[in-house]
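Accompanying notes for the structure given below.
Shown next as structure tokens:
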């Protein structure tokens, strides 16, 4: 149901509430909207102040019904008794008087401001917000606009909660209906997913921090390159375009052409049997397969890592190979095309589109997530963000 609250300066705002909402929760909502501490709030219904009331009491039991109008007043502050002259003169509060023609002073919700500052302190939190709520993320650098968008979001969430309770009441009114049973099970599943997501966010927030991939600086045939260290790649790979750039195309042995298969697939153009690879001050003879396209310039695969007894030391954040210890690069040291986990390059025309949006995920998973009321585009983005984890993707979509 919807109720309305009138403030001392005659502003009116609406709230979506439920009859079983606790009175203390209603005060918290009014505090957020009116920027008045809940301990100082007095609400009056039909001219009767609601005082000396159990904070846990349901507002429906207090006479609050749909379209009720509540009057907001504040508790008076006792005058300072230190001076008899001062105590004889009443203290007048002009702060709530609206001067005609003057706009009302903007109010920033302190809780929204605290959240905004926390988001700005963590790039991964900002990235997550951009995915889950682009409108809120757009205003993260403006306190007032962020506060307004936050208040709008809170109202929408309250409205959704009211609608959810109404739907549950309707469903439980006829629990033997087969369609109602399916919907009840779906709501329960969504609530379990959301609870799991909230628990993970509270107890293991590090799980939602983007993981940087492992890259090192090296040189191939005298050209600098950032090598992607991939223990899951069977072969060491050079891109077709970078092979041309470093002048190794003339040494390409096309007898070793074929198809590379992994998460996707790509055409192998051939192999260069001896490539001068420099890591630090040491040189390592490398045999590299040249793959069509330019998704990644150079992948240091398992064949080279095993050959030279390399150690991926995540404790020291270094690749130990031979006598060298090459530090892994941070995100700020990588070009844009390397920075983010799960980002896909635009597929090369005629390559079969293995990397096109959505094709790396099961159609069944996409359809199931779309059935929750989300567009295909949002579903694919969520699956990319969670590396194809359907349950976690559903949590992200459900939180929007």
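Numbering (our numbering), first residue to last: 39 to 438. Even for Gly, the Cβ is constructed at its ideal location relative to N, Cα and C. In this text, all values refer to a predicted model and were calculated from it rather than measured experimentally.
Under a three-way DSSP split, which group does residue i fall into?
{"i": "residue 165", "result": "helix"}
{"i": "residue 295", "result": "coil"}
{"i": "residue 417", "result": "helix"}
{"i": "residue 175", "result": "helix"}
{"i": "residue 55", "result": "coil"}
{"i": "residue 228", "result": "helix"}
{"i": "residue 321", "result": "strand"}
{"i": "residue 404", "result": "helix"}
{"i": "residue 287", "result": "helix"}
{"i": "residue 351", "result": "strand"}
{"i": "residue 193", "result": "helix"}
{"i": "residue 326", "result": "strand"}
{"i": "residue 343", "result": "helix"}
{"i": "residue 223", "result": "helix"}
{"i": "residue 68", "result": "helix"}
{"i": "residue 272", "result": "coil"}
{"i": "residue 115", "result": "Its pLDDT being 49, under 50, residue 115 is placed unreliably in this model, and the coordinates cannot settle the point."}
{"i": "residue 372", "result": "coil"}
Within 10 angstroms of the Cβ of residue i, are there 16 or more other Cβ atoms? Answer buried if so, exposed if not.
{"i": "residue 78", "result": "exposed"}
{"i": "residue 328", "result": "buried"}
{"i": "residue 42", "result": "exposed"}
{"i": "residue 211", "result": "exposed"}
{"i": "residue 274", "result": "buried"}
{"i": "residue 147", "result": "buried"}
{"i": "residue 412", "result": "buried"}
{"i": "residue 375", "result": "Unreliable placement is indicated for residue 375, whose pLDDT of 49 sits below 50; the coordinate value is still reported in the next sentence. Per the 10 Å Cβ criterion, exposed."}
{"i": "residue 401", "result": "exposed"}
{"i": "residue 115", "result": "Summary for residue 115: the model assigns pLDDT 49, below 50, so the residue's position carries little reliability; its value from the coordinates is reported in the next sentence. When all chains shown are included, residue 115 counts as exposed."}
{"i": "residue 365", "result": "exposed"}
{"i": "residue 422", "result": "buried"}
{"i": "residue 12", "result": "Residue 12 is absent from the model: the chain starts at 39 and stops at 438."}
{"i": "residue 383", "result": "Caution applies to residue 383, whose pLDDT of 40 falls short of 50 and renders its modelled position unreliable; the value that the coordinates give is listed next. The residue is exposed, with fewer than 16 neighbouring Cβ atoms inside 10 Å."}
{"i": "residue 166", "result": "buried"}
{"i": "residue 180", "result": "exposed"}
{"i": "residue 309", "result": "buried"}
{"i": "residue 72", "result": "buried"}
{"i": "residue 217", "result": "exposed"}
{"i": "residue 158", "result": "exposed"}
{"i": "residue 214", "result": "exposed"}
{"i": "residue 352", "result": "exposed"}
Between the Cα of residue i and the Cα atoms of the options, which residue gives the shortest distance?
{"i": "residue 105", "options": "75, 111 and 54", "result": "54"}
{"i": "residue 90", "options": "74, 108 and 61", "result": "61"}
{"i": "residue 113", "options": "100, 74, 101 and 98", "result": "74"}
{"i": "residue 317", "options": "204, 350 and 357", "result": "357"}
{"i": "residue 359", "options": "320, 40 and 335", "result": "320"}
{"i": "residue 265", "options": "237, 336 and 186", "result": "336"}
{"i": "residue 100", "options": "76, 109, 110 and 58", "result": "58"}
{"i": "residue 95", "options": "277, 64, 232 and 177", "result": "64"}
{"i": "residue 285", "options": "312, 269 and 296", "result": "312"}
{"i": "residue 362", "options": "315, 237 and 370", "result": "315"}
{"i": "residue 345", "options": "334, 352, 355 and 325", "result": "325"}
{"i": "residue 294", "options": "287, 282, 283 and 307", "result": "307"}
{"i": "residue 269", "options": "235, 338 and 230", "result": "338"}
{"i": "residue 110", "options": "47, 198, 160 and 276", "result": "47"}
{"i": "residue 280", "options": "267, 258, 296 and 297", "result": "258"}
Going straight from the alpha carbon of residue i to that of residue j, what length do you get?
{"i": "residue 289", "j": "residue 254", "result": "25 Å"}
{"i": "residue 271", "j": "residue 403", "result": "26 Å"}
{"i": "residue 138", "j": "residue 84", "result": "With a pLDDT of 49 at residue 138, under the threshold of 50, the modelled position of that residue is not reliable, and the figure given next carries that caveat. The straight-line gap from Cα to Cα measures roughly 28 Å."}
{"i": "residue 93", "j": "residue 70", "result": "17 Å"}
{"i": "residue 209", "j": "residue 251", "result": "48 Å"}
{"i": "residue 173", "j": "residue 407", "result": "22 Å"}
{"i": "residue 340", "j": "residue 188", "result": "48 Å"}
{"i": "residue 225", "j": "residue 195", "result": "16 Å"}
{"i": "residue 150", "j": "residue 68", "result": "15 Å"}
{"i": "residue 242", "j": "residue 154", "result": "21 Å"}
{"i": "residue 98", "j": "residue 39", "result": "10 Å"}
{"i": "residue 152", "j": "residue 108", "result": "29 Å"}
{"i": "residue 331", "j": "residue 291", "result": "17 Å"}
{"i": "residue 177", "j": "residue 81", "result": "33 Å"}
{"i": "residue 201", "j": "residue 192", "result": "14 Å"}
{"i": "residue 343", "j": "residue 183", "result": "52 Å"}
{"i": "residue 419", "j": "residue 350", "result": "30 Å"}
{"i": "residue 221", "j": "residue 207", "result": "12 Å"}
{"i": "residue 371", "j": "residue 169", "result": "24 Å"}
{"i": "residue 427", "j": "residue 249", "result": "15 Å"}
{"i": "residue 261", "j": "residue 323", "result": "15 Å"}
Look up residue i in the DSSP assignment and give the residues it is bridged to.
{"i": "residue 363", "result": "358"}
{"i": "residue 305", "result": "297"}
{"i": "residue 60", "result": "96"}
{"i": "residue 265", "result": "254"}
{"i": "residue 316", "result": "257 and 321"}
{"i": "residue 108", "result": "43 and 83"}
Within 9 Å (strictly less), CB to CB, does residue i reach chain B?
{"i": "residue 167", "result": "No chain B is present in this structure, which holds just one protein chain."}
Under the criterion of a Cβ to heavy atom distance below 8 Å, does residue i qualify as lining the ligand ZN?
{"i": "residue 53", "result": "Absent from the structure shown: the ligand ZN. Ligands present: none."}
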